[in-house]
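Data first, discussion second: the structure below is written as structure tokens.
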Amino acid sequence: MHKAIVSRFVSNVILSGLAILALSPAKAQAANGNMFWGFGPGIEVLSKDGTGTGFYIQGFLAHNFNSHAAIGGHAGYSNLGGVGIQAWDFGSFGQLTEPDSGLYGRFYLDGVNMRTSGGALAHGVNGTQTGLATGVGFGMLIPSVGSFHLVPELTYKVAFMQTAVNLVGMTFSAMWDF
């Protein structure tokens with residue numbers, strides 16, 4: 166019963182996020198400065214031998230080569246309380262942006278440190294482990310005031326711990342370009 170409720174909640178949140186992306190105004194634009202930075206909260210879902218959902222927060226800093234391409238770094242923390250796992254992710258991303266609509270895609274190459282409560286093997290994580298994670302993100306830059314943008318993003322990453330662990334995240338960040 167509990168898993169079905171959590172699964173339904175996560176599905177509704179993801180569908181709501183996609184609806185926000187689809188219904189957002191098309192006048193969004195790429196960041197027009199050389200650099201951009203931002204931060205924001207979200208949720209993250211871990212899927213391996215069951216699922217767990219928790220709070221996620223991230224920050225990022227990047228450089229725009231032009232209105233289409235950027236590279237940057239990011240760090241994030243999630244507390245997947247439903248399965249007793251805490252995770253820190255840190256790494257780099259490449260971003261391709263369609264400047265007129267503000268739609269973008271990211272490729273992530275990360276390190277991730279996960280810790281289980283009690284130090285036991287749980288959901289593919291054995292105690293405290295650090296491993297490689299790779300994935301993709303899709304989002305939209307929604308201009309607000311001046312150099313300020315709202316940035317909803319949906320991500321999927323695979324973390325290679327004791328076994329492969331799937332991480333799905335949805336964030337809603339604030340971003341400034343300078």
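Residue numbering for the sequence shown follows our numbering, starting at 166 and increasing by one per position. Don't be surprised by glycine CBs; every beta carbon is placed ideally from N, CA and C.
Are residue i and residue j touching if we call contact CB-CB under 8 Å?
i, j, result
"Met326", "Val301", "no"
"Gly246", "Gly284", "no"
"Gly238", "Tyr221", "no"
"Asp254", "Ala227", "no"
"Thr281", "Gly292", "yes"
"Val213", "Asp275", "As written in the sequence, residue 213 is Lys, which differs from the Val given in the question. Not a contact, by the Cβ cut-off of 8 Å."
Going by Cα to Cα distance, which pick from the options is closest to residue i?
i, options, result
"Gly215", "Asn278, Asp254, Gly249 and Met305", "Gly249"
"Thr328", "Gly311, Gly304, His288 and Thr293", "His288"
Bridge partners for residue i per DSSP, in chain order?
i, result
"Met335", "Ile208 and Leu319"
"Asp214", "Its beta-bridge partners do not exist; DSSP assigns none."
"Val248", "BP columns for Val248 are empty, so no partner."
"Met305", "Leu268"
"Ala285", "Per DSSP, none; premise fails for Ala285."
"Thr328", "DSSP lists no partner for Thr328."
List the whole-angstrom C-beta distance separating residue i from residue j, where the pair is believed to meet the contact cut-off of C-beta under 8 Å.
i, j, result
"Ala324", "Met279", "7 Å"
"Val210", "Val333", "5 Å"
"Thr336", "Gly224", "Contact flag wrong, Cβ pair sits at about 10 Å."
"Tyr273", "Phe258", "5 Å"
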